[in-house]
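Remarks on the structure that follows.
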Amino acid sequence: MKTFEGDDERDILLDAWQEASQGWGRQADGVRDSAMPVSVWMLDHAELKPGLSVLELAAGPGDTGFMAVQRIQPGGALISSDAVAGMLDVARERAQELGVEHVEFKQLQLEWIDIPTATVDVVLVKWAVMLLLDPSAALRECRRVLKPGGRLVIAVWEGPERNPWATIPQRAMVELGQMQPLAPGGPGMFALADHAELRELMEDAGLFDIEIEPIEMPRGYDSVTAWIGETIDLSRSFKGVWSKLADEDRRELRARIAELAEQYVDASGAVLLPAASLGAHATA
Ligand SMILES: C[S@@+](CC[C@H](N)C(=O)[O-])C[C@H]1O[C@@H](n2cnc3c(N)ncnc32)[C@H](O)[C@@H]1O
Numbered sequence: 004m005k006t007f008e009g010d011d012e013r014d015i016l017l018d019a020w021q022e023a024s025q026g027w028g029r030q031a032d033g034v035r036d037s038a039m040p041v042s043v044w045m046l047d048h049a050e051l052k053p054g055l056s057v058l059e060l061a062a063g064p065g066d067t068g069f070m071a072v073q074r075i076q077p078g079g080a081l082i083s084s085d086a087v088a089g090m091l092d093v094a095r096e097r098a099q100e101l102g103v104e105h106v107e108f109k110q111l112q113l114e115w116i117d118i119p120t121a122t123v124d125v126v127l128v129k130w131a132v133m134l135l136l137d138p139s140a141a142l143r144e145c146r147r148v149l150k151p152g153g154r155l156v157i158a159v160w161e162g163p164e165r166n167p168w169a170t171i172p173q174r175a176m177v178e179l180g181q182m183q184p185l186a187p188g189g190p191g192m193f194a195l196a197d198h199a200e201l202r203e204l205m206e207d208a209g210l211f212d213i214e215i216e217p218i219e220m221p222r223g224y225d226s227v228t229a230w231i232g233e234t235i236d237l238s239r240s241f242k243g244v245w246s247k248l249a250d251e252d253r254r255e256l257r258a259r260i261a262e263l264a265e266q267y268v269d270a271s272g273a274v275l276l277p278a279a280s281l282g283a284h285a286t287a
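Quick note, this note's numbering runs 3 ahead of the 1-based positions in the sequence shown.
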């Protein structure tokens, strides 16, 4: 029985992440590599040192937290978490493959973090707060679980104009009438791209010493086809449309994507697209 406003939408969003988890597992190495400038920026601003406890929320395949583990030894420990079981399975498998130790896995929701108050030294959240129905509740929860003086480091995305790697595939679908334009407002990749709005949310959550900075992370692919393949695995909305398209419509879509990205494709067919994340760090 649903009793709280937003529960249905939350369930739909989380079901979609559960469905996407295998695709995120398949693309995990590529996501880790292209996200490296963001993960390094996050760890550099987390003030990590031996003995600290780190909580990564919405960790997906878990790589940013796994990278933190080396910097908190000896004596430190990581909780790697996600709201959906499928992502946790992916992260567990990766930790095993990579030989990561000192990590515990927990299924946790960002808007209600089931962790006692003031128990964690560092909270990391990469590319998730803007996807939530209530980002301000999530930021308040992050502050609650941090010890006084603890560090919150998050990454969201700069605006669509700085992220053609993400916008071109959907724009092509819309232009070809294969999907409706996304409704403005509400949760989504670019929902916290406004620096002032992000700062205000963090201030309202009781955080201070807030710094916000763009992080360039150009995304390279061997071909337009490889880029589309990654997009199918990572983007739930793109995959939903793609899976229903006839071969002919897929060919038309691929051609339109290549046309829109022409300036980013070299003579060999390799693609290098601008991408910009947005990092924010603060003290609790
Ligand atoms: C865009 S992915 C980012 C994954 C990972 N942090 C990374 O940067 O590769 C968003 C992640 O947020 C998780 N997520 C979505 N809603 C959540 C919620 N309410 N609480 C916790 N995690 C959530 C998804 O399952 C998914 O793993």
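Note that beta-carbon positions come from the ideal geometry of N, C-alpha and C, so glycine has one too. All values derive from a computational prediction rather than experimental measurement.
A62 and S42 do not touch by the CB rule: their CB atoms are close to 11 Å apart, not below 8 Å. Excluding five sequence positions before and after Q30, the CB atoms of its chain that fall closer than 7 Å to its own CB belong to E233, D236 and L237, given in chain order. For L275, the closest C-alpha among the options S37, G26 and W20 is that of S37. Distances between the C-beta of A86 and the heavy atoms of ligand 1 include at least one below 6 Å. A heavy atom of ligand 1 is found nearer than 6 Å to the CB of M90. Only residues of its own chain outside the window of five on either side were considered, and among them V106 have a CB closer than 6 Å to the CB of A98, listed in chain order. The beta carbon of W168 sits no closer than 6 Å to any heavy atom of ligand 1. The three-state secondary structure of H284, taken from DSSP, is strand. For W20, the distance from the CB to the nearest heavy atom of ligand 1 is below 6 Å.
Around the beta carbon of W115, fewer than 16 other beta carbons sit within 10 angstroms, so the residue counts as exposed. Secondary structure note for V132: it is in no alpha helix (DSSP H), with a DSSP letter that is neither H nor E. The alpha-carbon separation between S24 and G89 amounts to approximately 5 Å.
In the DSSP assignment, S84 falls within the unbroken beta strand (DSSP E) covering A80 to D85. Taking 7 Å as the cut-off, the beta carbon of G79 is found closer than this to the beta carbon of G54. A residue is called buried when at least 16 other Cβ atoms come within 10 angstroms of its Cβ; G28 meets this threshold and is buried. The beta carbon of M192 lies closer than 6 Å to those of W160 in the same chain, with the five residues before and after it left out.
Inter-residue distance for D207 and G189 is about 19 Å (C-alpha atoms, whole angstroms). Rounded to the nearest whole angstrom, the CA to CA distance from L263 to G209 is 43 Å.
Looking at the DSSP output, P217 sits in a beta bridge with L281. Contact annotation: A273 and D225 have beta-carbon atoms nearer than 7 Å. Of the heavy atoms belonging to ligand 1, none sits nearer than 6 Å to the Cβ of A283. As for any beta strand (DSSP E) of minimum length 3 sitting wholly inside the stretch 140 to 189, the runs are 149 to 160, ordered along the chain. Between L58 and I75, the CB-CB gap reaches or exceeds 7 Å. Your pair V244 and M176 checks out as a contact, with CB atoms roughly 6 Å apart and the cut at 8 Å.
One thing to note: P187 has its Cβ no nearer than 7 Å to the Cβ of A279.
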